[in-house]
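Data first, discussion second: the structure below is written as structure tokens.
Residue numbers (the numbering used here), protein chains in the order written: chain A, 1 to 328; chain B, 1 to 328; chain C, 1 to 328; chain D, 1 to 328.
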């Protein structure tokens, strides 16, 4: 059952969380059909929640009307099969407006991004997220990233507010998370691992108490993302490690070539697999020719260069090509 | 002549830049009359430009309609005597909307705040500010602060764009500024020192080429701010240093007690001097009783606790109370 | 078998690594007998290697002659039962001298601390550690902490040098470690988790490939450290988590009260349990009366305030006092 | 009169401080004669104090005996004409030993480098430098750099200790310095600007109260360093700025190509001007061929590629080649 009972919604431990890219039409607008198809594909590969128009979905490049449209299309495509979260961010006023729009667009929850130009002051952070929670009739997950760090006591206090139901962590700081989680009393509070290329962190973060994780790679190589998640859920540590070494780190090396590649490389990968999604919008960087060729080589190395499509019901789990297994 | 000719506007070297707080009515809305009076007071003490609804004016707590209203009231109150800048910030879409509104509200220029959740990528920063400049028919000053640092070559490239006319620096990084300024060819490009409590940095930054400076203290102790600016313009280094030691640093020590005090303490100071401005809005912090008492003591120590009013035409320059001079 | 065969020494996965404090006599010199007894106690509780006169042993406060003496006494007390490592640090010249002394004092390995005032330059780091390894006839473990971060390729290159046999990590950075370990080909290369209060990080770091860990707490509450290590080795995640929540985090909260407490609080804890060890030397901080009382309260809360002594052969494993278990 | 009366020594405001490189013989030992000649050259160009075997002199690559030898040779070559400072650094024990050796080797003062692996704890920093000062019969200047920052109150407390006579600052942080200087009561306390390539910061830092400055460039282009210092002392701001733009920043751009170039590039420059100084020692980086060619081109651009020799008594002040003046 995806939706909440009272304050909480249900999300399984170890969930694979999908963050769809936002496809554009040739004229540069939102491509509703491509978006709906892409969401269907993510679900077929096991996404247990969808986060519409968040970072990977270029939230920073969309107008508020476009943002709402993406949420609406995503919610319709998802049709209640899994929760659909969406971003509330930028300034306080715009975040409140985005919450209002999320509510009327079919979202089941809100992911609250950091306040604009935030300083790391406990009381200010508390007041900011409390204001968002007070406005929302949907469950709110707060997002620890960039300059935002919640002191353990502030996270504890926020967790006791109506509507604040979870923490998404982009910091990867083990000691902080251990201390934060200890201050949260409600066992239903959820933790999402949202570190950059979260599979890289997933085994370690799970031991610090953050088991569900976002997967930007699910957009590009869902076959891998699904196989990794299966290994993650079954506790097959050596397979997880092999996939990290042979799939994730080569991608991360490519991603780190330029500071702005986190989204652009994902979108280029989706396009490389045959989807009409358009390029990222300015000011996001487009991928250079050289890096694009290396991205294609990475896909081919994994035997994952063919067009993306929903997983067939009887499709076997993807495995690393034999040459990798041999070399291990 | 305050307004620009072609791309540039004229601003004197060593200008005192005013950043008014935003007064609220008892019911919590914008207090137009108090704002107009406050702007008049700032001008009477020598503000050579007014930056409406920027950081000190709680831009992060205003709706976009309120923001536009503050700009309009400020522009009317200023009546062309000095340039009126206003903020464009938050996300790209909102920044563009704020530029549109600035143009129709009587502003003479735009201060472009950092992109939301920016990473420090050269190409992305260039594309972002270029997009803002392309939208604006007003001169644009770009603001280096928080995580944003322009590489010298990117600043040089931005300075060559139509409409980008200056840099406001909040970093205080001498070596960076020296290298940035060297890459800007146009001698009309302006540099504003916007470090926190900029008087503290003003003598040093002037030598690095950043002569005009913002003064949040002009809101609270305009008598001091005007006297400091006179010493700054006349090159009286020992008087500047005495004022830094006896006025600025005691305030900075108070400001640094809590991370969120930069705006709240300024507004509390204005209120302490008899203006009806209301408290800062959440999530900004209000000042504790203890810190409020210490703020009053600081004002009294300077003989500056009486109600704020515009400077009389024949008023002599304020001087440090004799007990300070004696102790020096 | 504790000592190495060829380049490598054998260390078990998940080893509990002991970092003894350095006890002083009443007159302030090294207390050989107290040190030997303390090492015996650490071994009885399961220390699988001893690191003599490293950070917890106040290496920064010892003369080089005292340092050698501590190594010699520790090696004699250990008598080959487990490997004895010791620090090489400060400048290049002193590090080389410390390696020479380690070799003649019975040490079985060297822990190479960062170069003095290091900048994070790949080539310089490589050259520095290569110079240390060239001097050493003992296996060398290199220590990633403070400003030192090895790029994955540099760690790979260092791992291929004769005598460099492992990495101790004080960073706790999951992504870095994942990428570093992938560049090391030799499966015998060891990884030590040396994050501050490493039990806090141990479950997560193990999943990133760093299984053995240092335990400063083994000095103070060996009963706990032994029980935690048993849970760690048997994979009892819920017990590890309960011990982290009820023992480790309360200690970490105490430790974080002042920046210099990492060593002082450990030594005060050993003294509180009846050992004559003296205070830490200047410039290390001594513990305030208030914090000392809270340290005692923490020990009493755990029923661990009685005098330290070696574990009896038939002693049962320590368990959390029942009131903790009840509250869980 | 170079040496102190009581606690203080005399140093002029705006002094040019020399930091000689350490020349090696062909067999790799200290080259006494080349060192003495080099010091003579620095003095002829106006060095008002000499800092022997500090950072630029490869203190991190010298044995303690070699270090003492460099101090002795430098003191003899200087022959009391200006104060000779030398470094005390690495660990506490070694710093104390270096102070003892400085005293017997003819040094007139000590530059106290940061403690090894220091955390930024006020009390620990105070205790550390107090211990050094207590050991020294020579005046001590403390060095703020890397992770060390003195809180204003700690700097005030240290300034009241016998023998602590000054602060060398490598941070370039204007606000910190303004607040620190305010806490020092003794007007004889000296401040040295030791930021990387300090001429870049000199005009700004002077306004923050830090007027004397180190000049690594004095080793390589003493003609420039002397001309810059003359402009600095006479207050010719536009000439200082032209020299920063045309000489300093091009060098800084070269220096920033690799993290370890600060010393290597200076030494390579001295060698390029005909001195037999040898290469820097490992682990310091040597300069690549490409960067070496660019260093030569920088020298030639300044008409400063001919062999270094002491300034002739009647030599005119160096000026920027005419092509620079023309382009300005």
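Quick reminder that beta carbons are idealized off the backbone N, C-alpha and C, glycines included.
- Residue 323 of chain C is classed as exposed because its beta carbon has fewer than 16 other beta carbons within 10 Å across all chains shown.
- One finds 178, 179 and 182 in chain D with Cβ atoms closer than 8 Å to the Cβ of residue 249 of chain B, taken in chain order.
- Within chain C, the residues 203, 204, 206, 207 and 237 have their CB atoms less than 8 Å from the CB of residue 207 of chain A, given in chain order.
- A Cβ-Cβ contact shorter than 8 Å links residue 86 of chain C with residue 53 of chain C.
- Closer than 8 Å at the C-beta level to chain D, one finds no residue of the region 20-52 of chain B.
- Taking C-alpha positions only, residue 57 of chain D is separated from residue 44 of chain B by approximately 56 Å.
- Think of a sphere of 9 Å around the beta carbon of residue 61 of chain B: the chain A residues whose beta carbon falls inside it are 91, 92 and 93, in chain order.
- Here residue 215 of chain C carries a strand assignment [DSSP, helix/strand/coil].
- Assigned with DSSP and collapsed to three states, residue 144 of chain A falls in strand.
- Taking a C-beta distance under 8 Å as the contact criterion, residue 177 of chain A and residue 154 of chain A do not qualify as a contact pair.
- At least one CB atom of chain C sits nearer than 8 Å to the CB of residue 258 of chain D.
- Residue 168 of chain D has D/143 and D/192 as its beta-bridge partners, per DSSP.
- For residue 272 of chain A, the enclosing alpha helix (DSSP H) covers residues 261-272.
- Beta-bridge annotation (DSSP): residue 52 of chain A is paired with A/86.
- Here residue 274 of chain D is exposed: its Cβ has fewer than 16 other Cβ atoms, across all protein chains shown, within 10 Å.
- With distances taken between CA atoms, residue 312 of chain A lies nearest to A/222 out of A/34, A/222, A/16 and A/169.
- At a beta-carbon threshold of 9 Å, the residues of chain B lying near residue 245 of chain D are 178, 181 and 182, ordered along the chain.
- The three-state reading of DSSP puts residue 45 of chain B in coil, since its state is none of H, G, I, E or B.
- Around the beta carbon of residue 203 of chain B, 16 or more other beta carbons sit within 10 angstroms, so the residue counts as buried.
- For the C-beta of residue 128 of chain B, the chain A residues within less than 7 Å are, from N- to C-terminus, 283.
- Residue 112 of chain C carries a strand assignment under DSSP once its states are collapsed to helix, strand and coil.
- Residue 24 of chain D is bridged by DSSP to D/30.
- For residue 16 of chain D, the three-state secondary structure derived from DSSP is strand.
- For residue 172 of chain A, the residues of chain C that pass the 8 Å Cβ criterion are 173, 174 and 175, in the order they occur in the chain.
- Fewer than three Cβ pairs drawn from the region 224-233 of chain A and the region 174-190 of chain A lie within less than 8 Å of each other, which leaves the two stretches out of contact.
- Interface annotation, residue 200 of chain C: in contact with chain A, CB-CB separation under 8 Å.
- Take residue 73 of chain C, set aside five residues on each side of it, and the residues of its chain with a beta-carbon closer than 7 Å to its own are 32, 35 and 36, in chain order.
- Considering only A/70, A/61, A/65 and A/60, the residue with the shortest C-alpha distance to residue 51 of chain A is A/70.
- By the criterion of a C-beta distance shorter than 6 Å, residue 319 of chain B is surrounded by no residue of its chain, once the five residues flanking it on both sides are discounted.
- Contacts between residue 131 of chain D and chain C, judged by CB atoms closer than 7 Å, involve 282 and 283 in chain order.
- Each of B/189, B/233 and B/196 was checked against the Cα of residue 175 of chain D, and the nearest Cα belongs to B/196.
- Counting only the Cα atoms, residue 63 of chain B lies some 13 Å from residue 101 of chain B.
- Within chain A, the residues whose beta carbon sits less than 8 Å from that of residue 115 of chain B are 60 and 283, listed in sequence order.
- Proximity of chain D to residue 64 of chain C at the Cβ level (cut-off 7 Å) is accounted for by 93, in chain order.
- Taking a beta-carbon distance threshold of 8 Å, residue 146 of chain C counts as an interface residue toward chain D.
- Nearest to residue 108 of chain A by C-alpha distance, out of A/10, A/269, A/161 and A/131, is A/10.
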